[in-house]
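Chains as they are written, first to last, in my numbering: chain A, 1 to 404; chain B, 1 to 401.
Quick reminder that beta carbons are idealized off the backbone N, C-alpha and C, glycines included.
It should be emphasised that the depicted structure is a prediction, and the values quoted were computed from it without experimental measurement.
Here the structure is laid out as structure tokens; the discussion comes afterwards.
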Amino acid sequence: MSRPPLEGIRVADFCWAWAGPYGALQLAHLGADVIRIESAKRLCPSRLIPPWPDNEPGVNRAGYFNQYNQGKRSITLDLKAPEAIAIAKTLIEKSDIVMNNFASGVMEKLGLGYDELRQVKSDIIMVSLPGYGTSGPEKDFVSYGPPQVAQSGLSSLTGYVGGEPMMAGFSYGDPNGGVHASFAVMAALLHREKTGQGQYIDLSQWEAAIMLLPEAVMDYSMNKTQPERRGNRDPYMAPHGVFRCKGEDRWVSLSVRDDAEWQRLCAVMDQPELASDARFASLSVRKENEVVLEEIVTAWTQERTADEVTESLQQASIPAYPALDAIDMINSPHVASRDYFVELEHPEVGKRRHMGVPWTMSRTPCKIQRPAPCLGRDTDAILTEIVGLSQEEVAALREKDILA
Amino acid sequence: MPSALSGFRILECGDMVAASYATKLMADMGAEVIKIEPPDGGDPARQRGPFPGGRPHPEKSGLFLFLNTNKRGITLDLENTKGQDVFQRLVKNVDLLIHNVHPTQISAAGLVYDQLAQINPGLVMTSIAPFGLNGPHTNYQASDLTLWNAGGLCFLNGAGPGTDHLPPLKPFGQQAGFTAGVHAAVASLGALFATLRDGAGQHIEFSVQECLMGISEFGTIMASYAGVAASRLGNKPIQPLDLMECKDGWIFICCVEEHHWESFVDLMGNPEWGLEPIFKDRLKRAESWDALKLLIQDWVKDYTVQDLYLKAQARRIPFAPVSTMGSLLNSEHLNSRGFFARLGHPEAGALTYPGAPYICSETPWELRRPAPCLGQHNAEVYAELGMTKQELSTLQQAGAI
């Protein structure tokens, strides 16, 4: 086996909460040495929220932090102290990439803006990913992941037929902003490898979220209108939805993509009279009669489990899958048969199932090498091995409460 | 100034969104992307709207136009023997091949890494598959909806407590495709970085289901840390974090930290109920959300969206408007950053597109050309392979292009 693709690349990760850390996580997946610069005095919110094992709180026990910071190292620094800023600069000098998702202007106030950092390391790649980007009249506005779902317009398009605007069920803006940032960083890294030139990347999480709904933007651009909220339906497929199954709150999703699949579904449901029913003979009439169509499908699915429906439809090559809940997910036999789940021994939470890397590379392995770090676990090692301090110097800094 | 990815040569066999979005991101950063489409109708994205005036036309799909900017397009039947010969000549000259051809069709399409690596040992090939390339569900058929469910995300969304008659709800659009696409792009660039170092290529296998499981936020961690499954029917862990109706539209009321709540209570004129113990902290407010929601809604309804948004932001409370497409395209902020791009197209005309979500200081992002018409660059690309007109017409007669 060869080395991971980004082995030898170091990331100074000033990110917090979810968006930035999720972006840096992608670089850790690729084998970069990602160092989270944390503050023990102002803890990352992801260390402070449940779930914790046995519902017992602890900064190293939060599932949220432990899932999205796997493979990284952690140093604690009080960036309010000038000595800490000097250390951060030395660390950046020994790094290739600097990431942060603070509000616009925070890094500059700390003396860690791009103009200063390029003096320290001329080919540094720096990315900032605040909600609104770092320019424009609203650049100082505050943002979190959940508001991006509304602000991008996704909410105005999402909802039950005839119903109110809806959210996405999770803070979608965060991982989306983070992964788009990691894409831009990778492009910049390839450019640097070829030319020796670093650069500054200004990413707006709001804009990254708009990238997810081009059909609606283009509809407005073409027709000065936007799609109606249509629940789980699709303008080009019917039936297309999430249907009730046997059991408490169990559901199956299915999509009938064309007339041939509709014919096969009728066969699977053993209802040959439907196959010749003029109300459902083509997509356009199935769309016209969609309410009745959905009642017919529900009458069949609700007598069966989601797994049974999925299996019989898949045997007929029709897309179907149970609406997995999280217990189903972490127990999925399909996923468990692959190489995705990660269960590494963690000093405070033991072995727990975490989501790993959604890709495999045949030559350069992308493996999670270590569990998410306990707060400040690597402070001493980073200060002595990378920053170049002696153990006495580290002890003196600790005495002055700078390493917290 | 060169773009970040100029000089990289990429082949794409994209069906709908995932592979096409991955290569769009790269093409807009300067990579030379050739999109291969089947001769009979092309990429299915061409059949999906929006269309001008709602009239379907394969060169006017808003989805296709967005996903394929800056690419050249050729038609080639990969399942035709002669077509496969041409494909192998194309593969010889590229750094990266990205496809999301379904696993059941991979062999017939000749997308077998070990064979292609014999032709081009430096090739990176990324195979985006709904459930990956091994395991019991590998050959399952999938749609964007079924994948969102397979990734556990659909189950999380709905109208909240007391709405168990309503199904889990997908968000608008092709979210599984876009999310998989950008992640697969990151992985692909990672492999290209390894290739720059030592010249060797490799095969990337990418599972859309796993990618989606990995963004479920509280989803999988609630299961593995607390043994429970979060559901659309449960209370949110903290409040206020909800959509509310204003005079002229909707707004997202968002108080994550206690100081957000305190500032909001002050903005509302410090009503007496703001001091009630049942609203004391964000966890309590979540438990009492039924009552609190009505009180806040009653205050919110008298404001316009923009007025309340600006008033909240002036106090550093992270409210956000529920944007409509009209408000986005007219946003002074987005326009001052130059987010939207205007681009002409020979059939669809000049349209406004979402542009780049990032501004890179040294490497420009630009729209150099619109999405290709079906087979638009056949003559050009095949001439670059050294084919004669006669060879081309033979291929055409064989139905290969």
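Of all residues in the stretch 391–402 of chain A, none comes within less than 8 angstroms of chain B when Cβ atoms are compared.
Close to chain A, meaning a Cβ-Cβ distance shorter than 8 angstroms, are the following residues of the stretch 303–322 of chain B: GLN313, ARG316, ILE317, PRO318, PHE319, ALA320, PRO321 and VAL322. For chain A, the residues of the stretch 208–225 of chain B that bring a beta carbon within less than 9 angstroms of one of its beta carbons are VAL208, GLN209, GLU210, CYS211, LEU212, MET213, GLY214, ILE215, SER216, GLU217, PHE218, GLY219, THR220, ILE221, MET222, ALA223, SER224 and TYR225, in chain order. In summary, LEU383(A) is buried, with 16 or more beta-carbon neighbours lying within 10 Å of its beta-carbon over all protein chains present. Bounds of the beta strand (DSSP E) holding THR360(A) are 359–361. Any Cβ of chain A closer than 8 angstroms to the Cβ of ASN157(B) would place that residue at the interface, and such an atom is present. Bridge pairing for PRO322(A): VAL252(A) [DSSP]. Inter-residue distance for LYS194(A) and THR310(A) is about 49 angstroms (C-alpha atoms, whole angstroms).
By the C-beta density criterion, MET361(A) is buried, having at least 16 other C-beta atoms within 10 angstroms.
Fully contained in the stretch 213–261 of chain B are the following beta strand (DSSP E) runs of length 3 or more, in chain order: 241–245 and 250–254. If you ignore the 5 residues before and after ASP328(A), its C-beta comes within less than 8 angstroms of the C-beta of PRO322, all in its own chain and listed in chain order.
Collapsing the DSSP output to three states places TYR114(A) in a helix.
At a cut-off of 8 angstroms between C-beta atoms, SER135(A) counts as an interface residue with respect to chain B. In the structure shown, ASP174(A) falls within a helical segment according to DSSP collapsed to helix, strand and coil.
From the beta-carbon of THR23(B), no residue of chain A is found nearer than 8 angstroms; the closest lies around 12 angstroms away. If you draw a straight line from the Cα of LEU96(B) to the Cα of LEU76(B), it is about 18 angstroms long. Among the CB atoms of chain B, one or more fall inside 8 angstroms of the CB of ASP249(A). Check the Cα spacing between LYS301(B) and each of LEU395(B), GLY227(B) and PHE252(B): the tightest is with PHE252(B). The beta carbons of GLY375(B) and ILE74(B) sit about 6 angstroms from each other, so the pair counts as a contact at 8 angstroms. No Cβ-Cβ contact shorter than 8 angstroms links VAL34(A) with LYS80(A).
For the stretch 228–239 of chain B, the set of residues with a beta-carbon nearer than 8 angstroms to any beta-carbon of chain A comprises VAL228, ALA229, ALA230, SER231, ARG232, LEU233 and PRO237, in chain order. The DSSP-derived three-state label of PRO130(B) is strand. In the DSSP assignment, GLN202(B) is bridged to VAL124(B). Residue contact with chain A for PRO58(B): absent (no Cβ-Cβ distance below 8 angstroms to any residue of chain A). SER143(B) has a beta carbon lying within less than 8 angstroms of a beta carbon in chain A. Contact between the stretch 107–124 of chain A and the stretch 279–293 of chain B is absent: fewer than 3 CB-CB pairs across the two stretches fall below 8 angstroms.
Across the stretch 175–189 of chain B, CB contacts with chain A closer than 8 angstroms involve GLN175, PHE178, THR179, VAL182, HIS183, ALA184, ALA185, VAL186, ALA187 and LEU189, in sequence order along the chain. In the three-state scheme derived from DSSP, where H, G and I count as helix and E and B as strand, ALA62(A) is classed as coil. Straight-line measurement puts the Cα of SER332(A) at about 20 angstroms from the Cα of PHE243(A). At a cut-off of 4 residues, the continuous stretches assigned as alpha helix (DSSP H) that sit fully inside the stretch 321–353 of chain A are 326–330 and 333–336. Within the stretch 151–164 of chain A, contact with chain B at the beta-carbon level (separation under 8 angstroms) is assigned to GLN151, SER152, GLY153, LEU154, SER155, SER156, LEU157, THR158, GLY159, TYR160, GLY163 and GLU164. A direct Cα-to-Cα measurement between SER182(A) and THR301(A) gives close to 42 angstroms.
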